[in-house]
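Notes follow once the structure below has been shown.
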Amino acid sequence: MIKDISSMYLDEIKELISATGEPAYRAGQVFTGAVRGARSFDEITNIPKSLRERLSKETYIASAEIKKKLVSRDGTIKYLFKLRDGQLIESVILRYKHGNSICVSSQAGCAMGCRFCASTVGGKIRDLTAGEILSQVREASRDMGERISNVVMMGIGEPLDNLDNTVRFIRLAGEKDGLSIGARHISVSTCGLVPKIDELSELSLGVTLSVSLHAPNDDIRSRIMPVNRLYGIDCLIKSCHNYIKKTGRRISFEYAMIEGLNDTPQCADELASLLRGMICHVNLIPINDAREGFRPSSKGTVAAFSGRLSDRGINVTVRRKLGDDIQGSCGQLRLGSRRDETRKIL
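Residue numbers for the sequence shown follow the working numbering, so the first one is 12 and each next one is one higher.
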């Protein structure tokens, strides 16, 4: 089967090059070209034509072609990318004073079924390779003409459901001959796949783990997040404690504020009790217009909820809404329409 060479580590490319009879240093040239953003082997001009032709028959460089670009009034940019096999995904550029961040997709579609998230409409089609995740960063940076310094794996898909490629992406992104984006500048989101969180904790990669919690108890969480029926809140929180102990890293808990469902004073008190004593941060997110008819909590309710958590010793912030006018906010990313590759809002 033809392989994505832009997903390979340098040692793996060395093995591949050794079989061609070319000198070992060619592997470094191929690695740098593929990871830094060559779209084809023809663009890696410092290796012989014969090697380029051979590699193009046995491997490929993952690509993400920009099919549509939307720019928000707040400067947020959303890209619709077409992958090599025609699958469509979305990525979002977020501009901050400290630099540009990109929210990347890790799968085409998503199998998790969270009721408030548009990414899960239609289910999961396939995992993305590490090279395809890298290509979103490269192509967005190239289009903008600016460096991207931070990556958030919160786009379409569940990164820990694609753990092997997620880990490869993190390690490849940090290569000095590649994107030079270290693990401490990468956040990995999960809806709560406990066994995968435990696997990630053993790797001690240094990334920030963001857990999509969205409820303080099993009753509410199971209604909106099917994963909770497999791994309940007690199990999830135990795994989070283990992650902190193993890595020494603070966890960020994402909490989408939904009117009348999870935004009551009682919910705030339950959440504070659940997280008390944990090295963590709670990110409150007024729910965005995506699906299921959920309504966002009012500004007053969000402020009261935030204050109640803060009074009980929980580190909390309210996320600034970016890109909602281009359907680029949390929970709004989805696959493009197959009938219209420039994306039709369904």
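Ideal placement from N, C-alpha and C gives every residue a C-beta, glycine not left out.
Keep in mind that this is a model prediction, so the values were computed, not measured.
Item: Spatial distance of LEU216 from GLN40 (CA atoms); Value: 26 Å
Item: Length of the line joining the Cα atoms of ALA184 and CYS121; Value: 23 Å
Item: GLN277 versus LEU99 - alpha carbon distance; Value: 41 Å
Item: Any non-hydrogen atom of the ligand COA within 7 Å of GLU169 CB; Value: Absence of the ligand COA is noted for the structure shown, with no ligands found whatsoever.
Item: Where ARG179 falls, given that 16 or more other Cβ within 10 Å makes a residue buried; Value: buried
Item: ILE269 and SER317 closer than 8 Å at C-beta; Value: no
Item: Residue of THR312, SER321, PHE305 minimising C-alpha distance to SER284; Value: SER321
Item: Top-ranked residue by Cα proximity to GLY110, from VAL162, TYR266, GLY311, CYS291; Value: VAL162
Item: Through-space distance from LEU62 to GLN343, alpha-carbon basis; Value: Caution applies to GLN343, whose pLDDT of 45 falls short of 50 and renders its modelled position unreliable; the value that the coordinates give is listed next. So the alpha carbons of these two residues sit roughly 43 Å apart.
Item: Those residues which DSSP pairs with LEU91 across a bridge; Value: LYS79, GLU101
Item: Exposure of GLY48, with buried meaning 16 or more beta-carbon neighbours within 10 Å; Value: buried
Item: For SER223, the first and last residue of its enclosing beta strand (DSSP E); Value: 219-223
Item: Chain E contact for ILE77 (CB, 8 Å cutoff); Value: Absent from the structure: chain E. Only one protein chain is present.
Item: Boundaries (first-last residue) of the alpha helix (DSSP H) holding ILE244; Value: 244-258
Item: ILE13 versus ALA141: straight-line alpha-carbon distance, rounded; Value: 15 Å
Item: In DSSP terms, what PRO297 is bridged to; Value: MET268
Item: Through-space distance from ASP245 to ILE208, alpha-carbon basis; Value: 14 Å
Item: Residue span of the alpha helix (DSSP H) that contains CYS278, given as start and end; Value: 276-286
Item: For ILE192, the first and last residue of its enclosing beta strand (DSSP E); Value: ILE192 -> no beta strand (DSSP E), and no H or E assigned at all.
Item: Range covered by the alpha helix (DSSP H) that runs through GLY142; Value: 141-155
Item: Where PRO59 falls, given that 16 or more other Cβ within 10 Å makes a residue buried; Value: exposed
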